[in-house]
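Structure first, commentary second.
2 protein chains.
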Amino acid sequence: MPPEAPPVRFGMLLTLLARSWRAELDRRLAHLGLSQARWVVLLHISRIPEAPTQRELAQSVGVEGPTLARLLDSLENQGFVKRLMVPEDRRAKKIVLTDKAEPLIRQIEAISSQMHQDLISGIDEEELQSCLKVHQTILKNLNRS
Amino acid sequence: MPPEAPPVRFGMLLTLLARSWRAELDRRLAHLGLSQARWVVLLHISRIPEAPTQRELAQSVGVEGPTLARLLDSLENQGFVKRLMVPEDRRAKKIVLTDKAEPLIRQIEAISSQMHQDLISGIDEEELQSCLKVHQTILKNLNRS
DNA sequence: GCCTTATGATTAGCGGCCTAATAATAAGCC
DNA sequence: GGCTTATTATTAGGCCGCTAATCATAAGGC
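As given, the protein sequences belong to chains A and B, one line each in that order.
Using our numbering, read the first sequence as starting at -18 and increasing by one per residue.
Using our numbering, read the second sequence as starting at -18 and increasing by one per residue.
Shown next, in the form of structure tokens:
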């Protein structure tokens, strides 16, 4: 690889890193029958106090409606979530975790924080915070575009 | 686990950021008939001194063989690259840019570095470098897993 | 030379992201 | 009430990443 470092590199590294991060988490979640994408959905549901509608959940997770719909299809097939009718609005559905999913939450939180710990080893807290700040700034700039 | 900011956040932000970055670049490249994925391939070809084989190119770009093969299919259909037979190894193909692609390279480099500039506004050089270093450390940790 | 193993590219098929289009319902306005 | 517009969820279809399997060729051991 040529050692010259054009500004382009930041985006490439970011993309590669996100892909690798996802792949590793997928690997660690596989034995639970989960993937990163489905796991994130479960985690968000568990953290929202009131059962959210799909619209609200998609917003919280940060994906579009159709993407969430298909993730919920598989999670529902796996028996981890249920779609509940909303009496006041017959278009909407509220999403809740099933009893089967509840014990999973602790496991997946443990797995993901273990992985986080593994991956940030050798990075000091200050650097990490600064990196987070950079990420947030870029995201803010992106939302302005 | 810190009670208020679970470590999970870093991965989620990373994922969201990479997706948003890609989406914005796709938007800016659309009028050239390109996407981020295909653009990166062109850029790598143009930077490798000798025409690379697909294997080498895939390595350089950081994707698997089949992923590259399909990107090359579309780039070839668009007339931006050609696959050349290699006399010494009849399994392999070397990838070269066409004359049509050459003038594009400057444009796409300009677009991507403009975007880079737009997105890092408000971040000072030191923070950015530190962030890059964090990314590289995490990637190194990932490759050890 | 011949057989086994390794390698380069492709195909098939899946996951996860998107946008556009659709269907059902709700809300707002005469 | 009845029409128009907005909103919720879904379906359809595309892109881009992956792994597994396939095909042709190369390389190595005998």
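Positions of the beta carbon are idealized from the N, C-alpha and C atoms, including for glycine.
message: Strictly below 7 Å CB to CB, what residues from chain A border F(-9) of chain B?
response: For this step, residue -9 of chain B is matched to residue 10 along the second sequence. Within 7 Å of the CB of F(-9) of chain B, the CB atoms of chain A belong to H97, L113, in sequence order along the chain.
field: Option in A:T34, A:P30, A:Q40, A:W20 with minimal Cα separation from P68 of chain A
entry: Taking the first residue of the first sequence as position 1, residue 68 of chain A is located at position 87. Out of A:T34, A:P30, A:Q40, A:W20, A:T34 has the C-alpha closest to the C-alpha of P68 of chain A.
- prompt: How many whole angstroms separate the CB atoms of L6 of chain A and M96 of chain A, which I take to be in contact at a CB cut-off of 8 Å?
  reply: Locating residue 6 of chain A in the first sequence gives position 25, counting from the first residue. Locating residue 96 of chain A in the first sequence gives position 115, counting from the first residue. Contact between L6 of chain A and M96 of chain A holds, with the beta-carbon distance rounding to 6 Å and staying under 8 Å.
- request: Identify the contact partners of E108 of chain A in chain B, using a Cβ-Cβ distance below 9 Å as the criterion.
  value: Counting from 1 along the first sequence, the entry for residue 108 of chain A is found at position 127. Going along chain B in sequence order, the residues near E108 of chain A (Cβ under 9 Å) are S111, C112, K114, V115, T118.
message: Please state whether the Cβ-Cβ distance between I26 of chain A and L65 of chain A is less than 8 Å.
response: By one-based count along the first sequence, residue 26 of chain A stands at place 45. By one-based count along the first sequence, residue 65 of chain A stands at place 84. The answer is no: Cβ separation not under 8 Å.
message: I need the boundaries of the beta strand (DSSP E) containing L65 of chain B, first residue and last residue.
response: Residue 65 of chain B sits at position 84 when you count from the first residue of the second sequence. Looking at the DSSP string, the run of the beta strand (DSSP E) that includes L65 of chain B is 62 to 66.
- prompt: When the Cα of Q88 of chain B is compared with those of B:L24, B:A4, B:L(-3), B:R(-10), which residue comes out closest?
  reply: Locating residue 88 of chain B in the second sequence gives position 107, counting from the first residue. Here the closest residue by C-alpha is B:L24.
Selection from A:E90, A:E108, A:R36, A:L120 that minimises the alpha carbon distance to R28 of chain A: Stepping through the first sequence from its first residue, residue 28 of chain A is reached at position 47. It is A:E90.
task: Using the DSSP secondary-structure output, state which residues sit across from T34 of chain A in a beta bridge.
output: Counting from one through the first sequence, the residue named residue 34 of chain A turns up at place 53. DSSP lists A:K75 as partners of T34 of chain A.
- request: Starting from H25 of chain A, follow the alpha helix (DSSP H) in both directions and report where the run begins and ends.
  value: Counting from one through the first sequence, the residue named residue 25 of chain A turns up at place 44. Per DSSP, H25 of chain A belongs to the alpha helix (DSSP H) from 17 to 28.
- request: Rounded to whole angstroms, what's the CA-CA distance from L123 of chain B to A4 of chain A? Just pull it up for me.
  value: Taking the second sequence and counting its residues from 1, one reaches residue 123 of chain B at position 142. Taking the first sequence and counting its residues from 1, one reaches residue 4 of chain A at position 23. Cα to Cα, the separation comes out at about 10 Å.
- prompt: Count the other CB atoms within 10 Å of the CB of A(-1) of chain A; is the residue buried (16 or more) or exposed (fewer)?
  reply: To locate residue -1 of chain A, count along the first sequence from 1; it is residue 18. Buried.
- request: With DSSP collapsed to three states, give me the class of R101 of chain A.
  value: Taking the first sequence and counting its residues from 1, the one referred to as residue 101 of chain A is at position 120. In the sequence on display, residue 101 of chain A carries Ile and not Arg. For I101 of chain A, the secondary structure class from DSSP, reduced to helix, strand or coil, is coil.
task: Would you identify the three-state DSSP class for R55 of chain A, choosing helix, strand or coil?
output: Against the first sequence, residue 55 of chain A aligns to sequence position 74. Here the sequence assigns Ser to residue 55 of chain A, which means Arg is not the residue at that position. Correct three-state label for S55 of chain A: helix.
query: So which residues of chain B does R3 of chain A contact, with C-beta pairs closer than 7 Å?
result: As a working mapping, residue 3 of chain A is identified with position 22 in the first sequence. Within chain B, the residues near R3 of chain A are T(-4).
- request: Compute the beta-carbon to beta-carbon distance between I76 of chain B and L38 of chain B, rounded to the nearest angstrom, for a pair I have assumed lies under 8 Å.
  value: Numbered from its first residue, the second sequence carries residue 76 of chain B at position 95. Numbered from its first residue, the second sequence carries residue 38 of chain B at position 57. About 6 Å separates the beta carbon of I76 of chain B from that of L38 of chain B, a gap short enough to meet the 8 Å contact definition.
- request: Can you tell me which of the three DSSP states V42 of chain A falls into?
  value: In the first sequence, counting from the first residue as 1, residue 42 of chain A sits at position 61. Note: V42 of chain A maps to helix in three-state DSSP.
- prompt: Any beta-carbon of chain B closer than 8 Å to the one on I101 of chain A?
  reply: Residue 101 of chain A sits at position 120 when you count from the first residue of the first sequence. Chain B contact via Cβ: present.
- prompt: Which first and last residues belong to the alpha helix (DSSP H) in which S1 of chain A is found?
  reply: Residue mapping note: residue 1 of chain A aligns to position 20 of the first sequence, counting from 1. Unbroken alpha helix (DSSP H) run through S1 of chain A: -10 to 10.
- prompt: So, using beta-carbon positions, are L113 of chain B and F(-9) of chain A closer together than 8 Å?
  reply: Translated into positions along the second sequence, residue 113 of chain B becomes position 132. Translated into positions along the first sequence, residue -9 of chain A becomes position 10. Their beta carbons are under 8 Å apart, which means L113 of chain B touches F(-9) of chain A by this criterion.
query: For A50 of chain A, which three-state DSSP category applies?
result: Working through the first sequence from its first residue, we reach residue 50 of chain A at position 69. Here A50 of chain A sits in helix by DSSP.
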